[in-house]
Amino acid sequence: MGTTSSAPQALTQEQQDVKYLGERMPFGDEELYRVYRAYRAMKSKSPEERISFLTDIGVQSVPPPQQQERSILLQAVEHKLLPPNLGNRLYEAAFLKSAADSEYTTMNNKGAVMTTTTTKED
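Following this line, the structure appears as structure tokens:
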């Protein structure tokens, strides 16, 4: 038919990952691509540079001049308003396949990083 092939095209890794996220998160494609790109930028950071999933993803979603202020604000929200480890649990639900280990460590109430990792269970 026409000049286009009716055979299905293979999805790129980004498209596969966004499709995977779309099956787990009730967002549109634009939001999913934004989260995915921020996630990929965040993954380039070393484990020592990571704070928490919510803070890291929030920082990566704004231009560099605003990142330090965003980091401070998000850390305050996480420590004062949200349940402990909410962001990391969201990360596990959205990005990890069953039984995959999280690269995020749990945080104690004082914000110090503990050295344990979490494992998602079905």
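If you count the sequence shown from 1, position 33 lands on 13 in the numbering used here, and the numbers rise without skipping.
Glycine residues also receive a C-beta, built at the ideal position from the N, C-alpha and C atoms.
- R20 and A73 do not touch by the CB rule: their CB atoms are close to 18 Å apart, not below 8 Å.
- Excluding the 5 residues flanking it on each side, V(-2) has same chain C-beta neighbours closer than 8 Å at D9, L12, Y13 and Y16, in chain order.
- If the five residues before and after S51 are omitted, its C-beta is found closer than 8 Å to the C-beta atoms of I31, T35, G38 and V39, all from its own chain and listed in chain order.
- Straight-line measurement puts the Cα of L76 at about 16 Å from the Cα of Q(-7).
- Between A56 and S41 a beta carbon distance of about 17 Å is seen, past the 8 Å cut, so the two are scored as non-contacting.
- CA-to-CA, the gap between A(-10) and L1 works out to about 18 Å.
- If you compare the alpha carbons of Q(-5), E28 and M22 with that of P44, the shortest gap goes to M22.
- The three-state reading of DSSP puts F7 in coil, since its state is none of H, G, I, E or B.
- Unbroken alpha helix (DSSP H) runs of no fewer than 4 residues, entirely contained in the region 16 to 88, are found at 33 to 40, 44 to 60 and 66 to 75, following chain order.
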